[in-house]
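Inspection log for the structure reproduced underneath, given as structure tokens.
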Amino acid sequence: MYDFSALYEATSVQNAVELMQAHPSAVLIAGGSDVLIKMREGKLAGTELISLYKLDELREVTMDPDGALRIGPMTSFSHATKSPLLQQYMPVLGEAADTVGGPQLRNIGTLGGNICNGVTSADTASSQVAYDAMLEITGPAGMRKISIHDFYKGVGKVDLQPGELLTAILIPKESYENCYGYYIKYAMRNAMDIATIGCSVNVVLSADKKTIERMRISYGVAGPVPMRARSAEAAVNGQPVSEATIELVGNAVLNDVNPRTSWRASADFRKQIISETARRGLRAAVERAGGVF
Amino acid sequence: MVVGKSVKRVDAIDKVTGKARYTDDLADKSALIVKIYHSTIAHGMVTSIDTSAAEAIPGVVKVLTCFDVPDRPFPTAGHPWSIDPHHQDVADRLLLNKHVRYYGDDVAVVIAEDEVAADQGLRALKVEYEELPFVLDVQEAMKDGAPQLHENFKNNILGRTNYEIGNFEEAIQEPGLVKIEGWYNTPVVQHCHIENHICYAEEQAGKIVIVSSTQIPHIVRRICGQALGLPWGSVRLIKPYIGGGFGNKQDALYEPLCGYCCQMVGGRLVKLDVSREETFISNRVRHAIRYHIVTYARPDGRFVARQMEAYSNQGGYASHGHGICAKGAGAFKQIYVDEKATKVDAYTVFTNLPAAGAMRAYGIPQVSFAIESSVEDAAKVLGIDSIKLREMNMMPVGYVDAFSKNCNYFDSLNQCIAKGKAYLDYDRLHAEYAKQTGPIRRGVGMAIFWYNTAVWPIALEASSCRMLMNQDGSVQLHICETEIGQGADTVFAQMVADTVGIPMEKVHVVSTQDTDITPFGTSAYASRQTYVAGFAIHNIGTQLKNKLLNYASYLTGKPSEEIDIVEGRVVDKSSGELLMSIEELATTALYSTEQAEQFSAEGTTQIKSNAYSFGCGFVEVEVDIPMCKVKLLRMINVHDCGRLINPQLAEAQVHGGMSMAIGYGMGEQLLFDPKTGRPLNNNLLDYKLSTTMDHCDLKAEFVENFEPTSPFGTKALGEPPACPGAPAIRNAILNATGVAVNQTPMTPHILFERFKEEGLL
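Going line by line, the protein sequences match chains A and B. Counting from 132, one number per residue, gives the positions in the first sequence under my numbering. Counting from 66, one number per residue, gives the positions in the second sequence under my numbering.
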């Protein structure tokens, strides 16, 4: 039994915005895999809910005329994994989605929810950050578009104003074209777990596959929100495909991250894993791109 | 004959199709909901509870607090009662507590019309405490000046076992001995059965009727009687199918409190359903035990003298108490036999942690980790193959324990080791793997274990059952021993079929125990049921068969000695000629206008024997040093549990135990904030119970030496499979990396620290 006072089911994006305006203290519920847990813990006792469940128009993965991948934020993890467009152009996102929890959770949890909850350990967030996703946010004043890098404001905090909801995740063509990615989820278990460290790496190689023209690397749980390792990226860009570059990235990422010690893991242990996942992630991404060590 | 065959579980269809009913399925939806308020400090006195806001919430029926309950302490351990006061369990529990002894202790309850109102009521309670200093560490708790949890237990010591065989100080004077020493730590873990504890209670016909997810209905009835101050017969305890227990439900958990709540609302139906978070901390846990083992061996490997200290963390309440640590203390001198001296000093100590109770294998997974680690360490120091070292020092054939009178009749340990070695090609791999370099390395390891079957002579062993024959020659079996998921009902049916001489499908095991109907017995623990029920079923089944033979003799005029019953056919013993079917016999007798009789037999069978159960575990791992991760590649357990009653069920039992050992070795540990005593990970996300994806293929093999004391040749298998896995994994990591890890679970965090210390990272 869940303790809530009302459930409003949005019939359209516009209707969702109106409901949020009419019920300003209501909580949005998409897949429910975060909201229902909070409710069970008694944290949202007596809350009003606005459900996005019926908004099938937010569930699709399509391609815009300019070639950008348009991912509906209500797309479930399992649908992301099975999406032909993502499998063709950005398989790493579906692979990351396939590491979340277990099969039941992946059928209800959504890609939009995974970033809107503002959690650093979210498995698909680091790949969205690593691909410079653009976010379409719709609210009472219409639609605005921001970079995912500006979306995260702090632990559990994102740039969603009253009455606003996320309506699309866009991956620009220049972001995924000729780009090969790899995600490593490091957790204590091989299933049903939350990442101790999540590392998403992607590369564009030169035509002769001997040089790394562009590397982007992003982490979950290396800081309060999903983050890029910018100095490591700068250090690796233009470097040859070589063992030395692999060593380089493992050391360089440590300049970018600031993990903390908690009962879940020590900072030193996290640093060890951050370095090692950078090395292994970069190697795997380069190999996917056709590079040979 | 069906004993020895892998017949299908008698409850398989109902459980797979969802027809089997569990406690919550049976509870009427009109039940009032009971929710418990748990303390938010580790140690202190409740000074006041303001219930007014909670009582004002619509739907809240009643609030009961620690200031309301009777001052009538009761024990909770699922042991047989002892009529000798010196052997009775410690009675240190009240229904709700003013003196709270761990973070999560039971302080108050809200009884409401539904769960939402009950939760709202809990949040509206205002509880004030006078905080007291607390202690979490077992050795800190023993020091003078440490916070005291209970009166009458100085230095928090609940129990102590110390013995010295031979003269230890003299023995270690022998010149040339090699000393090997180590400290070994095991964690607080929880059983994590699928179905959390749940019970409901209602007054009917002047009795309190409690339906509960328990392993031990007759014991819980007694404890409810003690706790509620009622004659024991005024409590009726019913146990339906349960979703596992592993020892947590070998305790009275919330049945007494549920019964009390029922009384306080005029006998109305009340239901108390425990959440997973509560199950982790407010039920029972496995004792975390710290060991110090010192071995003095000759250079040739012979153990001359060994010493063990053990410090067992009891948590806040006595529950099963010192029995767990004491069992390990007994194992130490039996699994290996020292030439000159053995010395043990073992303590069980109260701390401000959740109460520790029974958990699968009752202290032996803990002590096996310590002993089998110490033996592996000794082998390394002495430069001797660790299996040869074990063979040289382990319990010899013909050994008889002076206390239990258990005898090592066979060469079980060597037979088991041989099978495990062959499966893994251990000797070759162990030598090969010791030479590796590089970031990813493989290793093999093994461990042996010792176990007892049942609890004689420490406590009562008796089992009662009743067999009633129907018109069609089928039999109902009412037995006190419980099905808790392990397949007990199935092996009981097999034993009845063979004893009485009827086909398996003619045996109807009444799976539900109802203390008003089911004959008395103490039920599921100590890996006892197949062994103990075997005596009872053989005894009562033979009595039933004799009645059948006598009646057949009356009908046919043949002497009963010349008649037999085979698979439901009454036959002439010498010729095999069919005299009549069992249906004809039973129907004729039941409706006879001359000599009417329903064939039945019933009684208690006392058991005054016990039996050793042995085995070993072997494992192959791959260690990824930079990632600080261990991957299991292959794992095997080999057991001598006597003759297998049902090989497929036995295999399943072993798989389950191995799975538990994987969690114990690699992932599971309840963590507590050292500053507050608050549990940090009492949920299935943060508590790393291993998943299917963390397992390798699990192999179970058996050595079947017919156990001479048992009519069916069987002995313990319920708990033993959980014993060897963790030390075998530890020893495999040692083989792979040269790094000894002296604590479980061997998580990546621990491996990181150890690899750094040893220069691998």
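For each residue, glycine too, the CB sits at the ideal point set by N, CA and C.
P357(A) is bridged by DSSP to nothing; it lacks a bridge partner. Residue contact check for F282(A) against chain B: no CB pair falls below 7 Å.
If you ignore the 5 residues before and after C472(B), its C-beta comes within less than 6 Å of the C-beta of V465, all in its own chain and listed in chain order. Runs of the beta strand (DSSP E) lying entirely within the region 497 to 532 of chain B and spanning at least 3 residues, in chain order: 505 to 517. Distance check between T206(A) and each of Y220(A), Q219(A), G225(A) and I268(A) places G225(A) closest, using alpha-carbon atoms only.
For F424(A), the closest Cβ of chain B is not nearer than 7 Å. Around K753(B), the beta-carbon contacts reaching into chain A at under 7 Å are M319 and R320. Under the Cβ criterion (8 Å, minimum of three pairs), the region 563 to 570 of chain B counts as touching the region 623 to 636 of chain B. Counting along the chain, the unbroken alpha helix (DSSP H) around F820(B) starts and ends at P813 to E822.
DSSP lists no beta-bridge partner residue for D399(A). Taken in chain order, the whole beta strand (DSSP E) runs of length 3 or more contained in the region 354 to 400 of chain B are 368 to 380.
A residue is called buried when at least 16 other Cβ atoms come within 10 angstroms of its Cβ; A391(B) meets this threshold and is buried. With respect to the 7 Å criterion, T547(B) and V75(B) are not classified as neighbours on the basis of their beta carbons.
The C-alpha of R275(A) is placed about 21 Å away from the C-alpha of G287(A). Contacts between S397(A) and chain B, judged by CB atoms closer than 9 Å, involve H814, F817 and E818 in chain order. Within the region 721 to 754 of chain B, those residues whose Cβ lies closer than 7 Å to any Cβ of chain A are, in chain order, G732, L736, L745, L750 and K753. Taking the Cβ atoms as the reference, E195(B) lies roughly 19 Å from T116(B), outside the contact range of under 8 Å.
Across the structure, L200(A) and V192(A) are spaced so that their CA atoms are roughly 7 Å apart. If only uninterrupted alpha helix (DSSP H) runs of at least 4 residues are considered, those enclosed by the region 635 to 668 of chain B are 647 to 655. A straight line joining the alpha-carbon of Y167(B) with that of P364(B) spans about 48 Å.
For the C-beta of E407(A), the chain B residues within less than 8 Å are, from N- to C-terminus, P691 and M692. The alpha carbon of F434(B) has as its nearest neighbour, out of K445(B), A421(B) and F397(B), the alpha carbon of F397(B). Taking 7 Å as the cut-off, the Cβ atoms of M811(B) and A322(A) do not count as close. Shortest Cα-Cα distance from T344(B) to any of K764(B), F767(B), N746(B) and A797(B) involves N746(B).
A straight line joining the alpha-carbon of E772(B) with that of G448(B) spans about 37 Å.
With the criterion set as a beta carbon lying under 8 Å from some beta carbon of chain A, the region 69 to 102 of chain B has no members that meet it. Chain-order list of chain A residues neighbouring Q185(B): D134 and A176, by C-beta distance under 8 Å. Put simply, the backbone Cα of N770(B) is about 11 Å away from that of L478(B).
A distance below 6 Å between beta-carbons, with the five flanking residues on each side excluded, links C310(A) to the following residues of its chain, in chain order: N333 and V335.
Taking the beta carbon of V181(B) as reference, the chain A residues within 7 Å of it are M132 and D134, listed in sequence order. Each of T360(B), D157(B), E120(B) and L609(B) was checked against the Cα of A666(B), and the nearest Cα belongs to L609(B).
In this structure, the CA atom of I582(B) is about 30 Å from the CA atom of S646(B).
What L337(B) touches in chain A, judged by beta-carbon distance under 7 Å, is nothing: the nearest beta carbon there is about 15 Å away.
In the three-state DSSP reduction, G287(A) falls in the coil class, being neither helix nor strand. Rounded to the nearest whole angstrom, the C-alpha separation of K740(B) and Y752(B) is 20 Å. Nearest in C-alpha terms to V250(A), of all of V380(A), M358(A), N368(A) and D399(A), is M358(A).
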